[in-house]
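Participant: Per the UniProt record's numbering, the sequence shown starts with residue 1, numbered consecutively.
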Amino acid sequence: MQQTVPKIELPGELESPSAKLVYLYLTTHDGASITELQDGLEMKKISLYSILGTLCKRGLVRQEAERYHIAH
């Protein structure tokens, strides 16, 4: 029996490969902390803070306490 993998649509305004990775990670992990993103994506925290700040400003991601989630 074949399994169907759901297709994840990326917002058109995401141009940076790093921003796309962060967005996909948050989509597939039901949110994450900076440390979880750092460990999971092997990216530096300073880069993650910058990317997440941009994603939050664009309304694509929301922050709840120490965790980030996809904004729906």
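Note that beta-carbon positions come from the ideal geometry of N, C-alpha and C, so glycine has one too.
Keep in mind that this is a model prediction, so the values were computed, not measured.
Here's the rule: buried if 16 or more other CB atoms are within 10 angstroms of the residue's CB, otherwise exposed. What is Ile46?
Facilitator: Exposed is the call here.
Participant: Gln63 lies in the beta strand (DSSP E); which residues open and close that run?
Facilitator: Val61 to Glu64 is the extent of the beta strand (DSSP E) around Gln63.
Participant: Comparing alpha-carbon positions, which option in Arg58, His29, Glu13 and Pro6 lies nearest Arg67?
Facilitator: Comparing Cα-Cα distances from Arg67 to each of Arg58, His29, Glu13 and Pro6, the minimum goes to His29.
Participant: How far does the alpha helix (DSSP H) with Ile34 in it reach, from first residue to last?
Facilitator: Ile34 -> alpha helix (DSSP H) spans Ile34 to Leu41.
Participant: Would you mind working out which of Thr4, Gly31, Gln3 and Pro6 sits nearest Leu60, comparing C-alpha positions?
Facilitator: For Leu60, the nearest C-alpha among the options comes from Gly31.
Participant: Using the three-state DSSP reduction, which class does Ile70 fall into: helix, strand or coil?
Facilitator: Strand, per DSSP.
Participant: Can you tell which of Glu15, Thr27 and Ala19 has its C-alpha closest to the C-alpha of Pro6?
Facilitator: Cα-wise, what sits closest to Pro6 is Thr27.
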